[in-house]
Structures are given as C-alpha cells and as structure tokens.
Amino acid sequence: MNPIVIVGSGMAGYTLAREFRKLDSTTPVVMISADDAVNYAKPTLSNALVGNKHPDQIGLGDPAKMSAQLNINILAHTTVDQVDCENHTLQLKQQNGEQTTQAYSKLILAVGANPIRLPIEGDGADDIHVVNSLADYRTFRDNLSLRTDKRVLLLGAGLIGCEFANDLKATGHDVTVVDIAPQPLGRLLPADTATAFQAGLEHIGVQFALNTTVQSIQRVASAQGHHDYAVQLTNGTSLVVDIVLSAIGLRPNLELAQAASIKTSRGIIVDALLQASQPDIYAIGDCAEVEGHLLPFVMPIMQQARALAKTLAGTATQVHYPAMPVAVKTPAAPLTVLPAPADVQVNWETEKLDDGMIAKAMDSAGTLRGFVLLGASAGKQRMALTKLVPDLLPLVSA
Ligand SMILES: Cc1cc2nc3c(=O)[nH]c(=O)nc-3n(C[C@H](O)[C@H](O)[C@H](O)COP(=O)(O)OP(=O)(O)OC[C@H]3O[C@@H](n4cnc5c(N)ncnc54)[C@H](O)[C@@H]3O)c2cc1C
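Using this note's numbering, the first residue of the sequence shown is number 20, and each one after it goes up by one.
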C-alpha cells in the first residue's frame, strides 16, 4: 500500500501526524520537508529573546526523534518539486541534487506561507531579516548578538511585528517600528484601542513611525567592522540602525499546488473536509484556504489536524471552526484579538476600563462577531465573550 504523504514539517504537518497516530498506528506515513524537519513551536520565536532562549532550546525534536516517536518516515532537506495528481506520485529533489519519485495514497500539503518582501532600494535591502522559521531566528539572533549599539528597525506594525518590538525592547534594544498604516495592527483594532495599544508599547520605549514606509536602505561602514544601515523613510526621515527586521505579513506557498492544477485563491482552496480540487489531495495550515477562510494561526491548525486525522483514518469529518481568539504576545500592552469574519460589516462598541479597553465588533443584527481585549482586566472576559460569538464553521457530527 502506498503511504500517506505529508509535505511540510511545520506545526500543521507534525500536528496532523500526531493526531493520525492516535487513531491509526500502522498505516505508513511519510513526511517530506524542504528544511531540517526539526519540530518546534513557531509562536515562541517572537518572544524567545526575553527568555534568552537559544535556538537549540526551542527545537522539540530532530527528525530521528520525531520519526521514532510518531512511527513515520521523515525525509528532511528534501523538496517536493512536482505533484503528478493522475499517477499519485511526487517528484522529489534532495539536498545533493538527486531526484527521486515518491508514490502516495493520500497527499497532504502543509507547505506553509512565505514572508512578503517589499521592493526596497539600496545595497542594504538584501540584508533585511525575516523570522518565519527556527533557522531564520538562529540567523537573526546570531547577527543581533554581534551588535553593540542594538538599534533595530522593524518593518511592519502587525501582530508579529509588535510582538518582536516588545521582545527586542525588553532585551535592551532601541526599536523603531515603521508602518504605512496610521496605527499598529491596522485592520484588527478600532482606532481608539490601537492608540491605547500603541501607548502601552511606547511606554516601554518602542518608537513608531506610522503613515510612512522604507524607501531605501544603504550599507554604511561602522567602527566595529560591521555594516550599519542608513534607512530613508518616504516621509523624509532618515536613521541609522544595526539591523532591519521585516514582518509585513506572509503569503501562502502556492507554487507547488498551482503547477499541479490544484485550485488556489489566496490559499490552496479546500472544502470543510480539507480536500483540494484534485482527488486524494488535502491542504492544512498556513497554506490552506478553508471554505474561504485563511487563518494563519495555531488554533485553526489544531482543529484542522483533528478533523483530517479522522478522515484519513476512515471517518469523513468536517473541520469545526469555533470562535478562536488570538493572544498577542505583547506584555507591555496585553492584547487578545478575535477578528470578525472579513465579509461581515461590523460596528465597534468600545468600553474603557481602568487598565485597558474592551472593543466589541457587532453586526447589523446586534450579534457579537469579534472583539479586542486590551489590558489584564479585559483579558479576563475572554472566555465569556468567546462563547457569545457564532462558530465560523459549524460542528457537523461525522
Ligand atoms: C514569529 C511568529 C509568531 C507567531 N505567533 C503566533 C501566536 O502567538 N499564535 C498563533 O496562533 N499563531 C502564531 N503564529 C502563526 C503560527 O505559528 C503559524 O500559523 C504556524 O506555525 C504555521 O505552520 P505551518 O505548518 O502551516 O507552516 P510552516 O511552519 O511554514 O511549515 C511549512 C513547512 O513546509 C515545508 N515546505 C514548503 N514547501 C515545500 C516543498 N515544496 N517541499 C517540501 N517541503 C516544503 C517547509 O520546509 C516547512 O517545513 C506566529 C507566526 C510567526 C512567524
């Protein structure tokens, strides 16, 4: 029997393998990963500096350990170059360039998303860091540790950018966050809550340059033998920093699916069974657009993996999306966000508290569709408010 093949060793790939093995201990499973296939929790990367976590402490298991633990075959440093949907085979390329073929019974694409890069002028643009993997974090941390001036420019005041800003500031760095939007976490927060959130980060010394973006980055020689970077913003401001980190968002990795004529939109299009447009092919994690929802967060991955594991084990099971709030890791301004569905028109109802704010996203029928909780007191409302928000995808019994 051909194995079930999972492409990707991120949280989606490993969670699926673990959930499947709870239900089926014998069907062969092969995991193929372009990277080193070390299992790790990606969310820890944006608050690892303050915990002084070395990259080796973040890894939860190398392929040998994970393979033994889950009873699966893991091919690390192996890229899937092509999917032949008709013959149920994959074309693989190993690190040494050797090409092989892998047959599958069911194929799960858990190929994640790639950081978006802005077109920026100047010879320093190639040195911009992104942190979307443990390997990226290792490079970023190594480079950071070489710099004594500790001036960091963060491009992007979104969820992940603000988490890094808090982490970098808390570890003694000089942080300037640049964003084209007039406020941090642009689309997720109403203006008054965004202002209060920004004030929380400014209180610890994070600086914001909003309504502007980076035009150019030039390398300049520094006294310590490294390059510094002269950054020119479109609003006319210029500054010199040691490191530039970009966190302006991720784009689902669609090339493999598109080349195989698997339907895509913003992500790989899948139905509530997580099934793609070609037979026996599924998609989960950051690459998957599930019934029109693209939710690049941990909780949806857990829901997807549990449902798909049951389907692969023989009981077709639709994914259930309850309301899934996201806790933003900014201790200087504790924040929980439950975004309202993109296609629902909402009005914000805001309540000020002594130490923060509650903002409720109400639809035209007066139903709570999302919320923002800023500060410790507001955070205590999380459970009670979550229960009031309708499911995004209903629970359907198998
Ligand atoms: C810094 C940071 C902090 C975050 N914090 C939070 C948080 O606090 N809460 C939260 O809910 N979410 C958070 N997220 C989001 C969450 O971490 C992601 O949703 C999740 O990790 C995505 O996992 P994934 O397996 O879908 O993708 P990935 O982790 O990107 O894995 C993709 C895998 O596919 C492999 N691959 C890709 N193409 C190929 C190919 N052709 N052949 C073989 N292998 C291939 C890659 O090598 C990789 O192993 C955070 C994200 C980041 C970047």
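For glycine and all other residues, C-beta sits at the position ideal for the given N, C-alpha and C. Keep in mind the model is a prediction, meaning the values are calculated, not measured.
**Report entry** G375 - DSSP class collapsed to helix/strand/coil
**Finding:** DSSP places G375 in strand when its eight states are reduced to three.
**Report entry** Per-residue DSSP class, three states only, for M381
**Finding:** If DSSP states are grouped into helix, strand and coil, M381 belongs with the strands.
Report task. Give a yes or no on contact between the region 162-173 and the region 49-57, applying the rule of three or more CB pairs nearer than 8 angstroms. Result -> Fewer than three beta-carbon pairs drawn from the region 162-173 and the region 49-57 are found closer than 8 angstroms, and the two stretches are therefore not classed as touching.
Requested in this report: Within the region 283-343, note down every full alpha helix (DSSP H) run reaching 4 residues or more, in order along the chain.
Outcome: The region 283-343 contains these whole alpha helix (DSSP H) runs: 317-331.
Query raised in the report: In whole angstroms, what separates the C-alpha of I93 from that of L207?
Result: When rounded, the distance between both Cα atoms is 38 angstroms.
Query - Buried or exposed by the 16-neighbour rule on C-beta atoms within 10 Å, applied to T167 - result: With a 10 Å radius around the Cβ and a threshold of 16 neighbouring Cβ atoms, T167 comes out exposed.
Query raised in the report: What distance in whole Å lies between the Cβ atoms of A278 and I288, which are believed to be in contact at a cut-off of 8 angstroms?
Result: Going by Cβ atoms, the distance from I288 to A278 rounds to 15 angstroms, so no, they are not a contact pair.
Query raised in the report: In angstroms, rounded to a whole number, what distance separates the CA positions of S86 and R40?
Result: When rounded, the separation of the alpha-carbon atoms in S86 and R40 is 12 angstroms.
**Report entry** Residue of W367, A361, L354 minimising C-alpha distance to G375
**Finding:** Among W367, A361, L354, the Cα nearest to that of G375 belongs to L354.
Query raised in the report: Since V365 and G333 are thought to touch, with beta carbons under 8 angstroms apart, how far apart are those beta carbons, to the nearest angstrom?
Result: Their Cβ separation, rounded to whole angstroms, is 40 angstroms, which puts V365 and G333 out of contact at 8 angstroms.
Requested in this report: Using three-state DSSP, classify Y33 as helix, strand or coil.
Outcome: Y33 falls in the helix class under three-state DSSP.
Requested in this report: Since I believe L273 is in contact with D305 (beta carbons under 8 angstroms), could you give me their beta-carbon distance rounded to a whole number of angstroms?
Outcome: Wrong, their Cβ atoms sit about 11 angstroms apart, outside the cutoff.
Query raised in the report: What number of angstroms, rounded off, separates the C-alpha of T214 from the C-alpha of N115?
Result: Between T214 and N115, the C-alpha separation is close to 51 angstroms.
Report task. Enumerate in chain order the residues of its own chain whose CB-to-CB distance from P82 is below 7 angstroms, with the five nearest sequence positions on each side excluded. Result -> Scanning its chain for C-beta atoms nearer than 7 angstroms, with the 5 sequence neighbours on each side dropped, one finds around P82 the residues A56, I93, A95, in chain order.
Requested in this report: Label M30 either buried or exposed according to how many other C-beta atoms from any shown protein chain fall within 10 Å of its C-beta, with 16 as the threshold for buried.
Outcome: Buried, by the Cβ-count rule.
**Report entry** Beta bridge counterpart(s) of F227 as assigned by DSSP
**Finding:** Looking at the DSSP assignment, F227 forms a beta bridge with V196.
Query raised in the report: Mind checking whether the beta-carbon of P341 lies closer than 7 angstroms to any heavy atom of ligand 1?
Result: Result no, Cβ not under 7 angstroms from ligand 1.
Requested in this report: Look at the alpha carbon of G177 and the alpha carbon of M20, and state the distance between them as a whole number of angstroms.
Outcome: Taking C-alpha positions only, G177 is separated from M20 by approximately 46 angstroms.
Report task. Report yes or no: do three or more beta-carbon pairs, one from the region 100-108 and one from the region 219-226, lie closer than 8 angstroms? Result -> Short answer: they don't touch.
**Report entry** Whole-Å CB distance - T386 paired with P358, under 8 angstroms assumed
**Finding:** With a contact defined as Cβ atoms closer than 8 angstroms, T386 and P358 miss out at about 15 angstroms.
Query - Every unbroken alpha helix (DSSP H) inside the region 81-142 [4 residues or more] - result: Counting only runs of 4 or more, we get 82-89.
Query - Outcome for L414 when other beta-carbon atoms lying within 10 angstroms are tallied against a minimum of 16 - result: By the neighbour-count criterion, in which a residue is buried when 16 or more other Cβ atoms sit within 10 angstroms of its Cβ, L414 is exposed.
**Report entry** alpha helix (DSSP H) segment containing G398, residue limits
**Finding:** Its alpha helix (DSSP H) spans residues 395-398.
Report task. Classify R40 as helix, strand or coil using the three-state DSSP reduction. Result -> If DSSP states are grouped into helix, strand and coil, R40 belongs with the helices.
Query raised in the report: Looking at the unbroken beta strand (DSSP E) that takes in S164, where does it start and where does it end?
Result: Where S164 is concerned, there is no enclosing beta strand (DSSP E), although the alpha helix (DSSP H) around it starts and stops at 153-164.
Query raised in the report: Quick one: any contact between the region 185-194 and the region 338-357, if contact means 3 or more CB pairs under 8 angstroms?
Result: Touching, yes, given that three or more Cβ pairs across the two stretches are closer than 8 angstroms.
Query raised in the report: With 16 other CB atoms within 10 Å as the buried threshold, where does S164 fall?
Result: By the 16-neighbour rule on beta-carbons within 10 angstroms, S164 is exposed.
Query raised in the report: What are the partner residues of G389, as DSSP defines its beta bridges?
Result: G389 pairs with A380.
Query raised in the report: Given a threshold of 16 other Cβ atoms within 10 Å of its Cβ, counted over all protein chains shown, does L128 qualify as buried or as exposed?
Result: Residue environment analysis places L128 among the buried positions, since at least 16 neighbouring C-beta atoms fall within 10 angstroms of its C-beta.
Query raised in the report: Counting pairs of Cβ atoms below 8 angstroms between the region 141-149 and the region 313-320, do you hit three or more?
Result: Per the Cβ contact rule, the region 141-149 is not in contact with the region 313-320 (fewer than 3 Cβ pairs under 8 angstroms).
Query raised in the report: What are the boundary residues of the alpha helix (DSSP H) that includes T214?
Result: 210-222 is the extent of the alpha helix (DSSP H) around T214.
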